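The sequence shown maps to residues -17 to -1, 1 to 235 in mature numbering (1 follows the signal peptide of the UniProt record, and there is no 0).
Each residue gets a CB set at the ideal place from its N, CA and C atoms; glycine is no exception.
These numbers were taken from a predicted model, which means no experiment stands behind them.
Okay, structure first, notes after.
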Amino acid sequence: MLVLLIILLLSIDVAHTLQCITNCSIGNFRFGEPISIPDGRCQQRKSKSDCTMSLKFLYHQHMYNADFDTILLPSDFIHISSGSYLFYTISYECSKQTDCVLTYAQNRIDEMTRRSYDANRIYGQLAPFIQNSTRQGSIQCYNTRNQIIECSASESCSLDYDQRAKKVRSRGCSSDKDPTVSMYDGKSYSSFDVSCNRNLCNDDATFEQVKTIFVNNGLTDDNGRRIAAGTKEMASIFLILLPFISIIVSYF
């Protein structure tokens, strides 16, 4: 009897395998337009215990698109660059049912497209701290030891901050010539990155100003992090197992 119950419990995970959409991209869709898969698209499926997708919101264009794959990790990624370019990407996984990612997607799209992120206004607030539009030649930056170094005309100053450890991960020269700010928050890795082309702009004071602008505009929380609500949604396997656990307990 006990052996039979163990075999049954082990088989539940196999039975819960989903047929996930993979290797498919759809969009762009306008804000306010519901997500839909065109006829004949996204036919490729792969057996997985959970399904994943990513949603990319282009706030400077008021458009969004979606990617279905089986190798994505739950995360949020925000990127802002010169030209008032702002996008927010959410990667999500779920294991409730085969099309649970689509159910999540529509709910999340409705919430994200209601956010009033003004790309021009936000970059306008960042620009005085990260951009020198008249720059010519090399630039002075700080390195990880807070020493002043010189970066070439094709480089910018950079800072990579670890929000989990609450310390600078790296600081120095960057190959990104144009100013950018990005935030990544995932399961086990988080970073807040600044690339700027003003002299000595990768210091702690500039980073605090940038982080405050993100907080004030609702892009991140006070710790410089923001995980989308429900980036991972699991089936309640405990409820599935509960009757069998009760049987095992009563058996002994």
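Contacting residues, own chain, Cβ-Cβ under 7 Å from residue i (five flanking each side not counted)
i           : result
residue 89  : 17 and 18
residue 206 : 146
residue 50  : 8, 36 and 37
residue 190 : 142, 144 and 177
Beta carbon of residue i nearer than 8 Å to that of residue j
i           : j           : result
residue 68  : residue 95  : no
residue 75  : residue 35  : yes
residue 113 : residue 184 : yes
residue 209 : residue 59  : yes
residue 85  : residue 33  : no
residue 131 : residue 123 : yes
residue 5   : residue 52  : yes
residue 43  : residue 110 : no
Cβ separation of residue i and residue j, assumed to be a contact under 8 Å, to the nearest whole Å
i           : j           : result
residue 61  : residue 106 : With 8 Å as the limit, residue 61 and residue 106 do not qualify as a contact, their Cβ atoms being about 12 Å apart.
residue 152 : residue 174 : 7 Å
residue 135 : residue 116 : Not really, about 19 Å apart at Cβ, beyond 8 Å.
residue 45  : residue 12  : Incorrect: roughly 10 Å between the Cβ atoms, too far for contact.
residue 201 : residue 98  : 7 Å
Cutoff 6 Å; reference residue i; Cβ partners in own chain excluding five residues on either side
i           : result
residue 55  : 35, 37 and 74
residue 224 : For residue 224, the predicted structure reports a pLDDT of 42, less than 50, and the residue's modelled location is therefore unreliable. The matter cannot be settled from this model.
residue 108 : 196
residue 3   : 29, 31, 34 and 53
residue 176 : 143 and 165
residue 27  : 5 and 6
The beta strand (DSSP E) enclosing residue i, as first and last residue numbers
i           : result
residue 52  : 46 to 52
residue 11  : 7 to 13
residue 163 : 163 to 169
residue 158 : No beta strand (DSSP E) contains residue 158, which DSSP labels as neither H nor E.
residue 3   : 1 to 4
residue 35  : 34 to 41
residue 204 : Note, residue 204: premise wrong, no beta strand (DSSP E); not H, not E.
residue 20  : It is not in any beta strand (DSSP E) - residue 20 carries neither H nor E in the DSSP assignment.
Endpoints, the alpha helix (DSSP H) within which residue i is located
i           : result
residue 197 : 187 to 199
Close Cβ partners of residue i (< 8 Å) along its chain, the five nearest in sequence each way excluded
i           : result
residue 180 : 113, 114, 115, 118, 122, 139, 140, 160, 161 and 162
residue 127 : 151, 153, 154 and 155
heavy atom of the ligand MN below 7 Å from residue i C-beta
i           : result
residue 126 : By its list of ligands, the structure shown contains no ligand whatsoever, and the ligand MN lies outside what it can speak to.
Requested in this report: Any chance you could list the alpha helix (DSSP H) runs of at least 4 consecutive residues sitting entirely within the segment 68 to 152, in chain order?
Outcome: 83 to 96 and 102 to 113
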